[in-house]
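*Asks:* Residue numbers (this note's numbering): 6 to 466. Structure in structure tokens, see below.
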Amino acid sequence: MQLWSVNKSEVNFTSKYNLLFNFCLMSLCFSVNHGCVTALIAAASTLESKEFSGVVTGTLYTTYTISSLLFANGTLAKFGSKWTIFIGLLFYCGYSGSFLVAHYTEGNTRFAIAVIATAISGVGGGLLWTAQASFFNSTAKHYSRITGIARDKATALMTTLFVVFYLGCEVILKISLSLPGVLDKKTELFVIFTGLSVAGAVGMLFVRSVALPEDQVKRVPMFSKVVAAAEIARSEPKIALLAPYNFTFSFGAAFINQYANAKILEPKEVGYFAAMLVGSGFVFSALFGAINERTSIPKAVPMVIGSLAFLFFALCFIVSSDNKIKNDRALLFMMYITFGLGRGVWESTMKAVFADYFGGDSVGFDENRKNAAFSHIPIQNGVMGAAGFFLMAFTDKPRSFAPEVLATIAILGIFSYGAAEGYYRWEVAHRQATTEEDKSLLQEDPLTPESPLIAAKDTEA
């Protein structure tokens, strides 16, 4: 096995089992590394001060957003999906490592080293999902060719396998934080999590490339993705109208990780509740995904339910004191499960709405415009997530304003989504009317040099 080959066309799988093993190994490496980061994000405000946890996580979100816009496509084009994942995972170790370094340093040096390590980690995070999507698609395509099954069934199988590893590792690593005595032994915890992160990155060396010749990514100018994202934001009002919905989830994530996990939960409970939120999100994501695919229920129904879930979480803090929430275990469980419901809608239905608005032939979008539109999901999520974590870090009493901000954004998200849906329906109706008018003109007057359609096109030219 040539571990150090960067040949992006190295495809010699003859057995579907070898291909599946290769994909599962990638999924395991990816999930262990990523799970260490998400687990530490959930426990950061418990393990360290709110200033430290807010700054390092806000930095992670910031550089993640920048990297996904500027570096992801170029790195993928240069090194291929396998090696881009390896680079991303290696850089991602910086987040776990920042806690280990901070544990042994003090003062400004502590903050400076941690921020630098986390900034590098965010750059790696920005590479990961672009590369993972490329590796995923190449594997599904190759599996379809080897087995002869339909491409959509191969994609569904890969999705199932990846989700099992991804959510399984995240849940296990978060639960591990609540095992007896774990949070009391910070040195051992940080060493183990950093070691697991590094092991995930090193494990990618044993994964074989699956890129097919037609999967080669063309190199594009560094700022082309930024320009495309800016252009579509200017020309498509639906992008701005969907922003409050994305902002609700990302600001809510900052609030729950920075405040609720630290002030409401006991340290030994953080892992359990964080894992419960992930499990709830998975269940509701699968549920709403099935509803989107198999029923005629409008997507507006789960979209509104998702916003109401985040609103419920915020209202609990607005109408109840921290002590009352702490002592009402049933309410506390309901709050975290409901937040998971909101995350499940964001993971499934909200992205399906983006696909409807910007990915269908009915609205005349080509592949480049679709990708530019979808880039606004991590942009909006990253910008508000970074803002939320920095805000929680540098304000004395986030409890005094954060629930009201979250509730306001959640309500705004419902109305702005309604406006986006109305605009989208008008677009579709207008396009259909234009198409029917053109057909009517064709039926009344064939395409002769004197026909109205030809005359109109000549005039435009």
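In this text, a Cβ means the ideal position worked out from N, Cα and C, and glycines have one as well. Every value quoted in this text rests on a predicted model; they were computed, and no experiment measured them.
Whose C-alpha, out of Met308, Ala295, Phe344, is nearest the C-alpha of Ala265?
*Replies:* The residue with the shortest Cα to Cα distance from Ala265 is Phe344.
*Asks:* With a 10 Å radius around its C-beta and 16 neighbouring C-beta atoms as the bar for buried, classify Pro242 as buried or exposed.
*Replies:* The residue is exposed, with fewer than 16 neighbouring Cβ atoms inside 10 Å.
*Asks:* For Ser67, which of Thr439, Met397, Met389 has the nearest alpha-carbon?
*Replies:* Residue 67 is actually Thr in this sequence, not Ser. If we check each option's Cα against that of Thr67, Met389 comes out closest.
*Asks:* Ile382 to Ser326, Cα distance in whole Å?
*Replies:* Near 34 Å, if we compare the C-alpha coordinates of Ser326 and Ile382.
*Asks:* DSSP state of Arg374, grouped into three classes?
*Replies:* The answer is helix: DSSP assigns Arg374 an H, G or I state.
*Asks:* Roughly how many whole angstroms lie between the Cα atoms of Lys21 and Leu320?
*Replies:* Each residue's alpha carbon lies about 51 Å from the other.
*Asks:* Which full runs of the alpha helix (DSSP H) of 4+ residues lie inside the segment 256-281, going along the chain?
*Replies:* Segments of the alpha helix (DSSP H) lying fully in the segment 256-281: there are none.
*Asks:* Just the Cα atoms here: how many angstroms apart are Ile269 and Asn328?
*Replies:* When rounded, the distance between both Cα atoms is 8 Å.
*Asks:* In chain order, which alpha helix (DSSP H) runs of at least 4 residues are fully inside the segment 289-362?
*Replies:* Whole alpha helix (DSSP H) segments, 4+ residues: 305-324, 327-332, 334-350.
*Asks:* Measure the C-alpha to C-alpha separation of Lys304 and Asn297 and round it to an integer number of angstroms.
*Replies:* Rounded to whole angstroms, Lys304 to Asn297 spans 7 Å at the Cα level.
*Asks:* Take every Cβ of the segment 136-153, pair it with every Cβ of the segment 102-120, and state whether three or more of those distances are shorter than 8 Å.
*Replies:* The answer is no - the segment 102-120 does not touch the segment 136-153, with fewer than three Cβ pairs under 8 Å.
*Asks:* Ile475 by DSSP, collapsed to three states: which one?
*Replies:* In this structure the chain extends from 6 to 466, so residue 475 is not present and cannot be described.
*Asks:* Can you tell which of Met339, Leu81, Glu53 has its C-alpha closest to the C-alpha of Ala314?
*Replies:* That would be Met339, whose Cα lies nearest to the Cα of Ala314.
*Asks:* Can you tell me which of Ala82, Lys191, Gly284 puts its alpha carbon nearest to the alpha carbon of Ile180?
*Replies:* Measuring from the Cα of Ile180, the nearest candidate turns out to be Gly284.
*Asks:* So the alpha helix (DSSP H) Pro72 belongs to, where does it begin and stop?
*Replies:* Note that residue 72 corresponds to Ser in the displayed sequence, not to Pro. 55-75 is the span of the alpha helix (DSSP H), which, as asked, contains Ser72.
*Asks:* When you compare only the Cα positions, how much space is there between Thr43 and Tyr362?
*Replies:* Roughly 30 Å separates the two Cα atoms.
*Asks:* Can Cys29 and Leu201 be called in contact, C-beta distance under 9 Å?
*Replies:* No. Outside cutoff.
*Asks:* In the DSSP assignment, the alpha helix (DSSP H) including Leu24 goes from what residue to what residue?
*Replies:* That run of the alpha helix (DSSP H) goes 21-52.
*Asks:* Run through DSSP, which three-state label would Val433 get?
*Replies:* Three-state result, Val433: helix.
*Asks:* At which residues does the alpha helix (DSSP H) containing Pro383 begin and terminate?
*Replies:* That run of the alpha helix (DSSP H) goes 381-399.
*Asks:* In three-state DSSP terms, what is Glu175?
*Replies:* It is helical.
*Asks:* Go ahead and label Asn262 buried or exposed: buried means 16 or more other beta carbons lie within 10 angstroms of its beta carbon, across all protein chains shown.
*Replies:* Buried.
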